[in-house]
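The letter at position 714 of the sequence shown is residue 714 when you use the UniProt record's numbering, and the numbering goes up by one with no holes.
Even glycine gets a Cβ: it sits at the ideal position worked out from N, Cα and C.
Remember, it's a predicted structure, so these values are computed and weren't measured experimentally.
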Amino acid sequence: MRIICLVDTTMSVWKHCQQSAVQTYGRTVDMLIRTCEGAQPINAANALIHWLSIQVIRLDVAEQPHALPILFSILNVQPLPLPVRVFILHRINECLRTEEVAPLVLEHIPSINTLEDMAIISTETIATLQRLIKNQEFSARAIRVAALLSLNHPEAEKILISLLEMRCQSQQQLDQFSLSLCVNALSLLILERADAALFDRLLHLLINHQYAGRILPTFCANIGSVIRVGFHSQLVDAIQLALSKAKNNNMLNDLKWQLCTICAKECIALQWRETLAERFRTDKDNFFEGFVIRLSGQYPLPGFHITQWNSLYSIPDISSTTEKEEFDECTTCIKTGSSILSFGKEGLQLLWCRTTLGRYAYQMEVIEVEDEQNVSVDNWLHSLANSNTSFQATLTRFDDEIMDPFQELPYPNPRYSTPITLPSYHLPLSSFVHKADLIPLNISVPEMLQFIQSSTRVPEEDITALNGCDCVISVKVNSETNKQSNEAGNLKGSYAVDWRKFIATFGFFESANDSPSNFHREIRHLDSTVCREVHKVAVIYVGGGSDLQDKHSILSNNTGSEIFNKFVDRLGWPIQIGSSEFYGYTGGLSSGQMAIYYASASTEIIFHISTLLLGDITQRLKHLGNDEVHVVWSESTKPYRRDMIATRFCDVLIVLYLISPVLLRIHIEVQDQRLQFGPLFDGACIHISQASALVRETVLNASHAYRNLRLECDRPNKYREKVFHNTKKMLKPLSLSSSITRLLRPRM
1 MRIICLVDTT
11 MSVWKHCQQS
21 AVQTYGRTVD
31 MLIRTCEGAQ
41 PINAANALIH
51 WLSIQVIRLD
61 VAEQPHALPI
71 LFSILNVQPL
81 PLPVRVFILH
91 RINECLRTEE
101 VAPLVLEHIP
111 SINTLEDMAI
121 ISTETIATLQ
131 RLIKNQEFSA
141 RAIRVAALLS
151 LNHPEAEKIL
161 ISLLEMRCQS
171 QQQLDQFSLS
181 LCVNALSLLI
191 LERADAALFD
201 RLLHLLINHQ
211 YAGRILPTFC
221 ANIGSVIRVG
231 FHSQLVDAIQ
241 LALSKAKNNN
251 MLNDLKWQLC
261 TICAKECIAL
271 QWRETLAERF
281 RTDKDNFFEG
291 FVIRLSGQYP
301 LPGFHITQWN
311 SLYSIPDISS
321 TTEKEEFDEC
331 TTCIKTGSSI
341 LSFGKEGLQL
351 LWCRTTLGRY
361 AYQMEVIEVE
371 DEQNVSVDNW
381 LHSLANSNTS
391 FQATLTRFDD
401 EIMDPFQELP
411 YPNPRYSTPI
421 TLPSYHLPLS
431 SFVHKADLIP
441 LNISVPEMLQ
451 FIQSSTRVPE
461 EDITALNGCD
471 CVISVKVNSE
481 TNKQSNEAGN
491 LKGSYAVDWR
501 KFIATFGFFE
511 SANDSPSNFH
521 REIRHLDSTV
531 CREVHKVAVI
541 YVGGGSDLQD
551 KHSILSNNTG
561 SEIFNKFVDR
571 LGWPIQIGSS
581 EFYGYTGGLS
591 SGQMAIYYAS
601 ASTEIIFHIS
611 TLLLGDITQR
621 LKHLGNDEVH
631 VVWSESTKPY
641 RRDMIATRFC
651 DVLIVLYLIS
661 PVLLRIHIEV
671 QDQRLQFGPL
681 FDGACIHISQ
691 ASALVRETVL
701 NASHAYRNLR
711 LECDRPNKYR
721 EKVFHNTKKM
731 LKPLSLSSSI
741 TRLLRPRM
């Protein structure tokens, strides 16, 4: 430091030392900046930084381009004297006009933190970008600068479009990172302006791109919220094009989910839904086919909250052997082509239906409906009956004159000399009882038996036996018969009759299945397996002043600023874990904790807000540190570093810097550089009113991108399909006799 003070690099005699001096300046400035941002800042460090900045400004930057990083580092130091800032920005503009140094300046422009500084150099920057695109000398860093400026400057937006068009015509495709950056920037403009023309133009440029199979799913995920402004058909067309280009199975699954979510949530033409269902049926994708048919136009289902996918009714916990036997005895399982039905025999109240989508409980009740009468048929039958009255009378007369075949028997002399005394009631002379005592003596027994066996006579209903005992028995039998008949009449509308009607109407006799001994555990496992993706996101509040000292001071905040609280409230719905009004994903939080929750037809996400979590710092860090995505709201002028809250997770870090009362600057860090997501990107500036929705969409897309890179990570709907089919295979068909016995046998 003492040597630097004694050496004036502007003097010609010391010019050979300029390069060494610049390197020393750079190392010293970096050290002083880290000192200012440390836990115990040194106030004198700022003064030294200001003095060094003057030394660098006096250099000829065109001859010493290594001084450019020092100028940009000093420009972000707060506070910085206004004259120093003005001279630094002037030097940057001079360098942008120099063709040799301009590309190096573009490399460092994204590091500028303030919009005012960016606006001052924007004119020269755009002119430089136009010159580079004309000479086809664009780099990835130059594309990033154009993306940053496009949010506020239409000329930069035109540069991005021209770049995409020119590369398509020249067959020199952009690299995947640069292409993703262009798509994210233009997607933000589409969302902010609801620009249908830009939507169609960008989609047309991406269709034939080399990386269309990867970038089209990202584009569709970025602009998913355009349905709020009526872009239903455009978004559906884009997703269908992406389906035809994508090769990755997880990306295909995400696109299908997005299609089904639109179908379930929005008012789409019925013809389009039928086409979508037919497409899934052709692809043999039973889950999404069932999703469209089952939930199209009626999600959430009547009586269901959006947080609840499965039925609110719960299955009783079965722990003991006795309870398990009672469960098997009372529960009947029916296996159909695409579902598992179960119901209890003791009370026909709930019908459980389990599919790859979820579990539903239907309440059942008997509704008495009068039979509809066909007037035309009734009139025809009445006329036909009236026209045949003469024929019916003839039949009645013939019926009265039918002779008993036993009357053909010969009448021998009676065996008794005295007349037989009959009971008080008199039988007809043609009755068998009267002729029983008049058995012919000249007929053999075999002939008599043969005659009786060949006879088809049916006894008359009013005939009783001759002796008194037979008469009493007959009366008792009739009494029992009448009693049973009355009981059967009283059972009409009761559970037994309803049960028989139910199983007969739906043909369950041939569909009943036998379940293994551990089937109740498999059912419980199936019910606990969700098909919607669940996400946990940490939201950390960093206040101004001295809050950014260490992990302890950050996590000790119990209250956030008013603007932060508004941002949090718009992320989703405030919920309390364990309350009777919340049935969704808890994210590992215990009962009584407060959080922000959001759900759609395809996703559940819970935000762990640092200011809402209960407990000490260790307990808060337990929840925040285990989340894959961290969102940091910083109101401090000092940059947030990943190591401030060290964790093994935090694969994606999104920092929101409050740079004005209404603007946020986005900073994004990823551990895996292959991660590509949007619509927000590193360096973008957005309005606070849009922040909540854009951050939520970016968080979901980041989590999807992270899981798509993990080969062992199976999508929840695919995993539930596997569990459902494995559970279904455990049911074995019963024979018809066993099925009838199982369904109709009363419980003893």
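- Taken through DSSP and simplified to helix, strand or coil, Thr-332 comes out as strand.
- When the Cα atoms are used, Lys-134 and Glu-107 turn out to be separated by approximately 19 Å.
- Rounded to the nearest whole angstrom, the CA to CA distance from Lys-335 to His-525 is 18 Å.
- Taking a C-beta distance under 7 Å as the contact criterion, Leu-205 and Leu-186 do not qualify as a contact pair.
- Between Phe-681 and Leu-181, the beta carbon gap of about 6 Å places them in contact (Cβ cut-off 8 Å).
- Excluding sequence positions up to five before and after Leu-734, its CB lies within less than 8 Å of the CB of Ala-512, Asn-513, Asp-514 and Arg-742, all in the same chain and listed in chain order.
- Pro-110 has its alpha-carbon roughly 34 Å from the corresponding atom of Tyr-597.
- Annotation: Arg-665 is outside any alpha helix (DSSP H); the continuous beta strand (DSSP E) that includes it extends over 663-670.
- Shown here, Gln-210 sits in coil according to DSSP, grouped into three states, outside any helix or strand.
- Under the DSSP assignment, Pro-83 falls in the alpha helix (DSSP H) whose first and last residues are 82-97.
- A residue is called buried when at least 16 other Cβ atoms come within 10 angstroms of its Cβ; Tyr-362 does not meet this threshold and is exposed.
- Restricting attention to Ala-102, Met-166, His-153 and Tyr-706, the CA atom closest to the CA of Arg-141 is found in Ala-102.
- Beyond the five residues adjoining it in sequence on each side, Asp-195 comes within less than 7 Å, by CB distance, of Leu-189 in the same chain, given in chain order.
- Distance check between Arg-720 and each of Gly-26, Ser-528 and Arg-570 places Ser-528 closest, using alpha-carbon atoms only.
- The shortest CA-to-CA distance from Glu-137 to any of Glu-99, Leu-555 and Lys-158 is the one to Glu-99.
- Between the stretch 591-611 and the stretch 561-578, the count of C-beta pairs closer than 8 Å reaches three or more; the two stretches touch.
- Only residues of its own chain outside the window of five on either side were considered, and among them Ile-109, Ile-112, Leu-148 and Leu-149 have a CB closer than 8 Å to the CB of Met-118, listed in chain order.
- Three or more beta-carbon pairs drawn from the stretch 671-690 and the stretch 214-226 are found closer than 8 Å, and the two stretches are therefore classed as touching.
- With contacts defined by Cβ atoms closer than 7 Å, Ser-591 and Ile-577 form a contacting pair.
- In chain order, Thr-332, Leu-350, Leu-351 and Trp-352 place their CB closer than 7 Å to the CB of Phe-343, counting only its own chain and leaving out the 5 sequence neighbours on each side.
- Annotation for Lys-551: no beta strand (DSSP E) segment contains it, though the alpha helix (DSSP H) segment containing it runs 551-555.
- Counting along the chain, Cys-182 sits inside the alpha helix (DSSP H) bounded by residues 176-193.
- Taking C-alpha positions only, Asn-557 is separated from Tyr-657 by approximately 18 Å.
- Counting only the Cα atoms, Ser-338 lies some 20 Å from Phe-502.
- Take Ala-246, set aside five residues on each side of it, and the residues of its chain with a beta-carbon closer than 6 Å to its own are Gly-213, Pro-217 and Leu-252, in chain order.
- Burial is judged here by how many other beta carbons sit within 10 angstroms of a residue's own beta carbon; His-535 has at least 16 and is buried.
- Three or more beta-carbon pairs drawn from the stretch 627-635 and the stretch 699-718 are found closer than 8 Å, and the two stretches are therefore classed as touching.
- Put simply, the stretch 155-163 does not touch the stretch 652-668. Fewer than three CB pairs are less than 8 Å apart.
- Around the beta-carbon of Asn-184, 16 or more other beta-carbon atoms lie within 10 Å, marking it buried.
- Taken atom to atom, the span from the alpha-carbon of Leu-736 to that of Val-292 is near 35 Å.
- In terms of CA proximity to Ala-238, Ile-215 leads the group Ile-215, Asn-250 and Glu-635.
- Ala-140 carries a helical assignment under DSSP once its states are collapsed to helix, strand and coil.
- In this model, Leu-198 and Phe-231 are separated by some 12 Å (Cα to Cα).
- Inclusion of Ile-121 and Ile-92 in the CB contact set at 7 Å is warranted, their separation being smaller than that value.
- In the assembly as shown, Gln-593 is a buried residue. Its beta-carbon has 16 or more other beta-carbons within 10 Å.
- Asn-513: member of the beta strand (DSSP E) spanning 512-514, first to last residue.
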